[in-house]
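Residues in the sequence shown are numbered from 1 upward in steps of one, following UniProt numbering.
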Amino acid sequence: MSGLFLPIDGSGTASATNVLAPNASPMTLDGTNTWVIGQGETVLIVDPGPDDERHLRRIVELLGERRVASILLTHGHVDHSGGAAMFAAMVSAPVRALDPHHRLGSEGLDDGDVVTAGDLELRVIGTPGHSADSLCFWLPTDAALLTGDTILGRGTTVIAHDGDLADYLRSLDKLRAMAELAEARTLLPGHGPMLPDPIGKLDEYLEHRRKRLDQIREAIRAGAKDVPEIVEMVYADVDRSLWPAAEMSVAAQLNYLKNL
Numbered sequence: 001m002s003g004l005f006l007p008i009d010g011s012g013t014a015s016a017t018n019v020l021a022p023n024a025s026p027m028t029l030d031g032t033n034t035w036v037i038g039q040g041e042t043v044l045i046v047d048p049g050p051d052d053e054r055h056l057r058r059i060v061e062l063l064g065e066r067r068v069a070s071i072l073l074t075h076g077h078v079d080h081s082g083g084a085a086m087f088a089a090m091v092s093a094p095v096r097a098l099d100p101h102h103r104l105g106s107e108g109l110d111d112g113d114v115v116t117a118g119d120l121e122l123r124v125i126g127t128p129g130h131s132a133d134s135l136c137f138w139l140p141t142d143a144a145l146l147t148g149d150t151i152l153g154r155g156t157t158v159i160a161h162d163g164d165l166a167d168y169l170r171s172l173d174k175l176r177a178m179a180e181l182a183e184a185r186t187l188l189p190g191h192g193p194m195l196p197d198p199i200g201k202l203d204e205y206l207e208h209r210r211k212r213l214d215q216i217r218e219a220i221r222a223g224a225k226d227v228p229e230i231v232e233m234v235y236a237d238v239d240r241s242l243w244p245a246a247e248m249s250v251a252a253q254l255n256y257l258k259n260l
């Protein structure tokens, strides 16, 4: 496993610390990254992770006497949000998200918002695509970008059933421009290890999407008639355990091509 070579649990920056959830799988990689933001008396928690009491209690133990100002969700998929209600009860903090269905408390999150904990701030960036409610968070004090599932520490992102490829490509372009302008130094993903070259990774993601779209066009020209046949051609070198996820991405790419 990559976790033997790249430290994930406990990794981070001066103001962000990763607490890795024990929910490793082909879709979640080494597990969900819960991020503790801040080193002062008050902190923010990004993505408490799945409904796993052991993981949530471990976060509480690591916090010690520090208070949680807010629990923030990059998006509502259960591997990121499933434990939010239980964790909120443990630490007496609100849950803030773009989607009202995932909020606990009166405040949500939207593009352009600034969330604070003491002197530290996180800036909210709307990045729909992986899901309709996906957000990223910019941590200016560390020049770090928390990316949820918009960018992963390893591999590429699936466009989920509630996502959209056109939105996703626009979000990648937005992050690419922002990373260059703000001189981002680190990406802190929702799964996998932190990434030290934000612009390089974003360029890689954009190139990967262009290549996949070309491959799908070629598969259709070669006679592929539906999503499973396209996956069999385009993802022949990918482990079959990942083909269900590939089918979601292919469906999203077909929809994108139809709307060009």
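Glycine residues also receive a C-beta, built at the ideal position from the N, C-alpha and C atoms.
Pair within 9 Å by beta-carbon distance, residue i and residue j
i, j, result
"residue 80", "residue 148", "yes"
"residue 90", "residue 66", "no"
"residue 257", "residue 213", "yes"
Three-way DSSP call (helix, strand, coil) for residue i in this model
i, result
"residue 255", "helix"
"residue 191", "strand"
"residue 17", "strand"
"residue 107", "coil"
"residue 117", "strand"
"residue 169", "helix"
"residue 250", "helix"
"residue 11", "coil"
"residue 131", "coil"
"residue 242", "helix"
"residue 152", "coil"
"residue 175", "helix"
Sequence-distant residues of its chain with Cβ nearer than 7 Å to residue i (five each side left out)
i, result
"residue 187", "145, 147, 151, 194, 195, 198 and 201"
"residue 172", "202, 205 and 206"
"residue 209", "169"
Per DSSP, cross-strand counterpart(s) of residue i
i, result
"residue 34", "19"
"residue 67", "42"
"residue 186", "144"
"residue 96", "72"
"residue 138", "123 and 145"
Same chain, Cβ closer than 6 Å to residue i, five either side skipped, listed in chain order
i, result
"residue 252", "159 and 165"
"residue 123", "114 and 138"
"residue 87", "48 and 56"
Buried or exposed (CB count within 10 angstroms, at least 16 for buried), residue i
i, result
"residue 52", "buried"
"residue 62", "exposed"
"residue 74", "buried"
"residue 82", "buried"
"residue 1", "Note that residue 1 scores 33 on pLDDT, short of 50, meaning its location in the model is unreliable and no value can be drawn from it."
"residue 127", "buried"
"residue 244", "exposed"
"residue 7", "exposed"
Cβ shell of residue i (< 8 Å), same chain only, five flanking positions each side left out
i, result
"residue 119", "40"
"residue 155", "29 and 192"
"residue 102", "73, 76, 81, 84, 95 and 133"
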